[in-house]
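*Asks:* Sharing a structure here in structure tokens format.
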Amino acid sequence: MNRQKIFYVNAILIVGFLFNTINSSAQVINLDSILNVIEKNHPELKMYEAQANAYAAYAKGAKALEPPQFGTGFFMTPYNPMMWKADGSNTGMGSVMFSAQQMFTNPKKLDANADYMQSMVNIEREMQGATRNEMFGMAKMRYYEWQVLKRKLKILSENEALLEYIIKSTEIRYTYGMDKLSAYYKAKAMLGEVQQMKLMAETEIRQLMVELNTLMARDKNMEFDIDSIFSLKNYDSLLVDSAEITSKRSEYRALSANINLLRSKQLLEYSKRLPDFGLRYDHMFTFGKQPQLFSLMAMMTVPIAPWSSRMYKSSITGLGFEIEALKSRQESLINATTGNLENIKFQIRNKKLQIGLYEKTIIPSLQKNYQTLLLAYEQNTEELFMVLDAWQNLKVSQLGYLDLLNDLLQLQVQYEKQLEIK
Numbered sequence: 061m062n063r064q065k066i067f068y069v070n071a072i073l074i075v076g077f078l079f080n081t082i083n084s085s086a087q088v089i090n091l092d093s094i095l096n097v098i099e100k101n102h103p104e105l106k107m108y109e110a111q112a113n114a115y116a117a118y119a120k121g122a123k124a125l126e127p128p129q130f131g132t133g134f135f136m137t138p139y140n141p142m143m144w145k146a147d148g149s150n151t152g153m154g155s156v157m158f159s160a161q162q163m164f165t166n167p168k169k170l171d172a173n174a175d176y177m178q179s180m181v182n183i184e185r186e187m188q189g190a191t192r193n194e195m196f197g198m199a200k201m202r203y204y205e206w207q208v209l210k211r212k213l214k215i216l217s218e219n220e221a222l223l224e225y226i227i228k229s230t231e232i233r234y235t236y237g238m239d240k241l242s243a244y245y246k247a248k249a250m251l252g253e254v255q256q257m258k259l260m261a262e263t264e265i266r267q268l269m270v271e272l273n274t275l276m277a278r279d280k281n282m283e284f285d286i287d288s289i290f291s292l293k294n295y296d297s298l299l300v301d302s303a304e305i306t307s308k309r310s311e312y313r314a315l316s317a318n319i320n321l322l323r324s325k326q327l328l329e330y331s332k333r334l335p336d337f338g339l340r341y342d343h344m345f346t347f348g349k350q351p352q353l354f355s356l357m358a359m360m361t362v363p364i365a366p367w368s369s370r371m372y373k374s375s376i377t378g379l380g381f382e383i384e385a386l387k388s389r390q391e392s393l394i395n396a397t398t399g400n401l402e403n404i405k406f407q408i409r410n411k412k413l414q415i416g417l418y419e420k421t422i423i424p425s426l427q428k429n430y431q432t433l434l435l436a437y438e439q440n441t442e443e444l445f446m447v448l449d450a451w452q453n454l455k456v457s458q459l460g461y462l463d464l465l466n467d468l469l470q471l472q473v474q475y476e477k478q479l480e481i482k
């Protein structure tokens with residue numbers, strides 16, 4: 061009779077648990093959508109885009125000539141106005157001069173200046189790519205953390221329901237003298253621990269939601285959910301050479317763009333040795349009976365003079381040293397990236413081995429141990445303490461497995477950051 065009552069109570073608890081579902085109306089966003097929103101909306105990426113457009117606009121005007129110069133005034137005119145007019149044999153003195161002048165900058169200088177400004181555009185584009193890669197890495201890390209936490213919540217909810225079932229069952233069994241009160245309180249304490257862990261996981265999820273909303277540059281309290289789909293990549297079996305790093309890494313390409321910028325600046329400095337040309341026309345409206353006069357002059361700068369060439373020559377030499385420094389930074393970046401990739405690949409292999417042990421041996425064995433003890437407990441051949449200990453070990457192993465899975469996903473993101481894999 062007692063067993064029959066316990067069976068009915070257990071059945072009611074299980075049915076109630078199955079129908080206790082929570083409907084969520086929050087929008088579900090996948091990882092690609094989040095990355096696309098970040099790329100489109102984040103103000104820092106917009107800043108780089110605006111700066112690149114600014115330099116592109118500057119480059120369009122880099123070949124402009126200097127504006128023409130116009131002037132007017134008295135030319136070779138006496139202070140005494142009486143001498144301006146013609147008087148007998150005196151034809152008068154002085155004139156009003158109108159002047160126009162145009163300097164023509166050497167075309168090679170203009171081309172070098174335009175190339176220099178265009179090089180600034182390329183730097184901003186590559187810096188935008190490096191910043192975007194950092195943001196994508198942050199978003200993917202937060203996204204995968206959220207996915208793992210959702211799995212943890214599922215396990216904790218199942219454990220919470222199980223403990224509530226055990227507690228209800230223990231209350232009934234204790235009424236009939238079939239269980240100890242100490243086991244009941246131990247189960248209650250374990251239930252509180254599970255509920256605390258659920259609360260912590262839900263808090264972490266909320267924090268991750270705010271961080272992702274921040275990266276997407278939208279309302280920080282906007283509610284949304286994520287999907288549970290992710291794929292584990294076989295990055296640990298890939299071979300990476302320096303050519304792949306140089307082609308994919310924005311930081312490397314940014315250094316290359318800086319080198320090109322310095323080379324453009326070298327050419328700009330070198331172009332200063334070239335002469336500029338000018339043309340000046342003056343027309344004099346003379347006073348009295350003097351004939352009308354004009355002056356037409358061609359001009360040329362002489363930048364190869366020793367006292368004027370010293371500046372651009374020293375600048376060219378200094379820029380050459382800066383280029384060598386950036387090349388060394390590129391070599392250092394390749395060396396560091398190669399080392400990071402090998403280290404990440406080793407850690408990925410190690411995590412996969414540990415996860416395999418959990419999947420094939422640890423969790424199945426603990427699951428069978430728990431089920432065996434639970435069956436023995438239901439048959440009154442085992443103590444509840446043993447069941448709770450077995451459940452505790454199983455829960456710890458399940459959560460440990462998810463921690464390893466999160467570590468593996470974070471390593472995967474680190475690998476993708478190194479090679480800017482979206």
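With my numbering as the guide, the letters of the sequence shown map in order to residues 61 to 482. Beta carbons: idealized from backbone N, C-alpha and C, even for Gly. In this text, all values refer to a predicted model and were calculated from it rather than measured experimentally.
Any idea if Thr421 is buried or exposed, counting beta-carbon neighbours within 10 angstroms, 16 or more meaning buried?
*Replies:* On the sequence shown, residue 421 is found 361 positions in, with the first residue counted as 1. Exposed.
*Asks:* What would DSSP say about Leu139, mapped onto helix, strand or coil?
*Replies:* Taking the first residue of the sequence shown as 1, we reach residue 139 at position 79. At residue 139 the sequence reads Tyr, which differs from the Leu that was named. It is coil, neither helix nor strand.
*Asks:* Do Gln407 and Phe290 have their beta-carbon atoms positioned less than 7 Å apart in this structure?
*Replies:* As a first step, residue 290 must be located in the sequence shown, where it is residue number 230. As a first step, residue 407 must be located in the sequence shown, where it is residue number 347. No, they are not a contact pair.
*Asks:* Exposed or buried, Lys100, counting other C-beta atoms within 10 Å across all chains shown (16 or more means buried)?
*Replies:* Start at 1 with the first residue of the sequence shown, and residue 100 comes out as number 40. Exposed is the call here.
*Asks:* Pull the bridge partners of Tyr341 from the DSSP assignment, please.
*Replies:* One-based indexing of the sequence shown puts residue 341 at position 281. Answer by DSSP bridge pairing, in chain order: Ala160 and Leu356.
*Asks:* In the DSSP assignment, the beta strand (DSSP E) including Gln87 goes from what residue to what residue?
*Replies:* Taking the first residue of the sequence shown as position 1, residue 87 is located at position 27. Residues Gln87 to Ile89.
*Asks:* Among all the DSSP beta bridges, which residues are the ones paired with Gln452?
*Replies:* As a working mapping, residue 452 is identified with position 392 in the sequence shown. Answer is none; Gln452 lacks a bridge partner.
*Asks:* If you draw a straight line from the C-alpha of Thr274 to the C-alpha of Leu471, how long is it?
*Replies:* Working through the sequence shown from its first residue, we reach residue 274 at position 214. Working through the sequence shown from its first residue, we reach residue 471 at position 411. In a straight line, the C-alpha of Thr274 is about 23 Å away from that of Leu471.
*Asks:* By the 10 Å Cβ neighbour count, where 16 or more other Cβ atoms means buried, how is Gly189 classified, buried or exposed?
*Replies:* Translated into the one-based positions of the sequence shown, residue 189 becomes position 129. Result: buried.
*Asks:* Would you kindly work out how many angstroms separate the C-alpha atoms of Asn70 and Lys405, rounded to a whole number?
*Replies:* Residue numbering aside, residue 70 sits at position 10 when the sequence shown is read from its first letter. Residue numbering aside, residue 405 sits at position 345 when the sequence shown is read from its first letter. Bear in mind that the predicted position of Asn70 carries a pLDDT of just 45, short of 50, making it unreliable; the figure below should be weighed with that in mind. Asn70 and Lys405: Cα-Cα distance of roughly 49 Å.
*Asks:* Cα separation between Gly399 and Ile226?
*Replies:* Against the sequence shown, residue 399 aligns to sequence position 339. Against the sequence shown, residue 226 aligns to sequence position 166. Between Gly399 and Ile226, the C-alpha separation is close to 52 Å.
*Asks:* With 16 as the cutoff for other CB atoms within 10 Å, does Met276 come out buried or exposed?
*Replies:* In the sequence shown, the residue the question calls residue 276 occupies position 216. When all chains shown are included, Met276 counts as buried.
*Asks:* Around the C-beta of Leu299, are 16 or more other C-beta atoms found within 10 angstroms, so that it is buried, or is it exposed?
*Replies:* Walking along the sequence shown from the start, residue 299 turns up at place 239. That one is exposed.
*Asks:* Please classify Asn96: is it buried, with 16 or more other beta-carbons within 10 angstroms of its beta-carbon, or exposed?
*Replies:* If you number the sequence shown from 1, residue 96 lands on position 36. Classification for Asn96: exposed.
*Asks:* Should Leu426 and Leu454 be called a contact, given that it needs their Cβ atoms to be closer than 7 Å?
*Replies:* Mapped onto the sequence shown, residue 426 falls at position 366. Mapped onto the sequence shown, residue 454 falls at position 394. Contact: yes.
*Asks:* Counting only the same chain and skipping the five closest in sequence on each side, list residues whose C-beta sits under 6 Å from that of Ala243.
*Replies:* As a first step, residue 243 is located in the sequence shown; it is residue number 183 there, counting from the start. Closer than 6 Å at the Cβ level, and outside the excluded window around Ala243, lie Leu444 and Phe445.
*Asks:* Could you spell out where the beta strand (DSSP E) holding Phe284 opens and where it closes?
*Replies:* In the sequence shown, residue 284 corresponds to position 224, counting from 1. That run of the beta strand (DSSP E) goes Phe284 to Ile286.
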